[in-house]
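Enquirer: Residue 1 is where the sequence shown starts when you use this note's numbering, and the numbers rise one by one after that. Sharing a structure with you now.
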Amino acid sequence: MRINHNGNTALEHQVRVEKLEVYENTPGIALSSRIYQADNSNSSSHAALNIRTGGSTGGDPVLSLGVANVGAWQLGFDNSDADKLKINWNNITSTPSDAKSRK
(Lines of atoms letter the chains of each structure in order from A; the text may use other names.)
(Lines give C-alpha, C1' and ligand atoms only; values in the text may rest on other atoms or scores of the structure.)
Protein backbone atom coordinates (compact mmCIF):
# COMPACT_ATOMS: atom_id res chain seq x y z
CA MET A 1 0.00 0.00 0.00
CA ARG A 2 1.33 3.43 -0.88
CA ILE A 3 -0.82 6.50 -0.32
CA ASN A 4 1.32 9.12 -2.05
CA HIS A 5 4.46 9.43 -4.13
CA ASN A 6 6.71 10.85 -1.37
CA GLY A 7 6.40 7.72 0.77
CA ASN A 8 4.90 9.35 3.86
CA THR A 9 2.58 6.37 4.23
CA ALA A 10 3.75 3.17 2.60
CA LEU A 11 3.56 -0.51 3.37
CA GLU A 12 5.07 -2.51 0.57
CA HIS A 13 5.19 -6.27 0.22
CA GLN A 14 8.54 -7.71 -0.71
CA VAL A 15 10.11 -11.05 0.09
CA ARG A 16 10.61 -10.65 3.85
CA VAL A 17 10.58 -12.81 6.94
CA GLU A 18 9.04 -10.03 9.04
CA LYS A 19 5.30 -9.43 8.98
CA LEU A 20 5.83 -5.67 9.13
CA GLU A 21 8.99 -3.75 8.33
CA VAL A 22 9.49 -0.01 8.14
CA TYR A 23 12.52 0.68 5.97
CA GLU A 24 14.29 3.85 4.79
CA ASN A 25 17.39 4.12 2.65
CA THR A 26 17.43 7.82 1.73
CA PRO A 27 20.50 9.75 2.97
CA GLY A 28 19.71 12.49 5.48
CA ILE A 29 16.26 11.16 6.35
CA ALA A 30 15.55 10.13 9.96
CA LEU A 31 13.33 7.09 10.30
CA SER A 32 10.85 7.11 13.12
CA SER A 33 7.79 5.19 14.13
CA ARG A 34 5.38 6.21 16.79
CA ILE A 35 2.67 4.72 18.93
CA TYR A 36 0.88 7.79 20.18
CA GLN A 37 -2.27 8.08 22.26
CA ALA A 38 -3.05 11.79 22.08
CA ASP A 39 -5.97 11.85 24.52
CA ASN A 40 -5.11 13.71 27.71
CA SER A 41 -8.55 13.61 29.34
CA ASN A 42 -8.66 10.03 30.62
CA SER A 43 -6.11 8.13 32.69
CA SER A 44 -7.02 4.93 30.80
CA SER A 45 -5.84 6.33 27.45
CA HIS A 46 -2.68 4.21 27.34
CA ALA A 47 -0.18 3.58 24.56
CA ALA A 48 1.55 0.22 24.47
CA LEU A 49 3.99 -1.79 22.42
CA ASN A 50 3.42 -5.51 22.92
CA ILE A 51 6.07 -8.06 21.99
CA ARG A 52 4.77 -11.55 22.68
CA THR A 53 5.45 -15.16 21.85
CA GLY A 54 3.01 -18.05 21.75
CA GLY A 55 3.36 -19.60 25.19
CA SER A 56 5.55 -21.20 27.83
CA THR A 57 7.23 -23.57 25.36
CA GLY A 58 7.65 -20.90 22.66
CA GLY A 59 10.50 -18.55 21.92
CA ASP A 60 11.63 -15.40 23.72
CA PRO A 61 10.14 -11.91 23.24
CA VAL A 62 13.08 -9.54 22.61
CA LEU A 63 13.53 -5.80 22.07
CA SER A 64 16.78 -5.00 20.26
CA LEU A 65 18.39 -1.55 19.88
CA GLY A 66 21.37 -1.70 17.56
CA VAL A 67 23.85 0.00 15.31
CA ALA A 68 24.79 -1.80 12.08
CA ASN A 69 28.31 -3.27 12.13
CA VAL A 70 28.77 -2.30 15.80
CA GLY A 71 26.40 -4.25 18.02
CA ALA A 72 23.10 -4.17 19.83
CA TRP A 73 21.60 -4.04 23.29
CA GLN A 74 18.85 -6.58 23.77
CA LEU A 75 16.20 -6.69 26.47
CA GLY A 76 14.31 -9.93 26.65
CA PHE A 77 12.20 -12.39 28.60
CA ASP A 78 14.11 -15.69 28.69
CA ASN A 79 11.37 -18.27 28.40
CA SER A 80 13.79 -21.19 28.76
CA ASP A 81 15.58 -19.86 31.88
CA ALA A 82 12.87 -19.52 34.55
CA ASP A 83 11.29 -16.53 32.75
CA LYS A 84 14.16 -14.22 33.70
CA LEU A 85 14.39 -10.68 32.33
CA LYS A 86 17.79 -10.34 30.66
CA ILE A 87 19.77 -7.46 29.21
CA ASN A 88 22.54 -8.45 26.80
CA TRP A 89 25.11 -6.75 24.62
CA ASN A 90 25.85 -8.39 21.27
CA ASN A 91 28.85 -7.24 19.33
CA ILE A 92 28.95 -7.98 15.61
CA THR A 93 30.59 -11.36 16.17
CA SER A 94 28.10 -12.77 18.66
CA THR A 95 24.58 -14.08 18.43
CA PRO A 96 21.79 -13.73 21.00
CA SER A 97 22.52 -17.21 22.36
CA ASP A 98 26.18 -16.50 23.15
CA ALA A 99 26.04 -12.84 24.13
CA LYS A 100 27.64 -11.85 27.42
CA SER A 101 25.37 -10.25 30.00
CA ARG A 102 26.21 -6.72 31.05
CA LYS A 103 25.09 -5.30 34.37
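Built from N, CA and C at the ideal position, the CB exists for glycine as well.
So, helix, strand or coil for N42, using DSSP?
Expert: Residue state, collapsed to three classes: coil.
Enquirer: Excluding five sequence neighbours on each side, which residues of the same chain lie with their C-beta closer than 8 Å to the C-beta of A72?
Expert: Residues S64, L65, G66, W89, N90 of the same chain have their beta carbon placed closer than 8 Å to that of A72, with the five preceding and five following residues left out of the count.
Enquirer: Output the distance between the C-alpha atoms of G54 and V62, rounded to the nearest integer angstrom.
Expert: 13 Å
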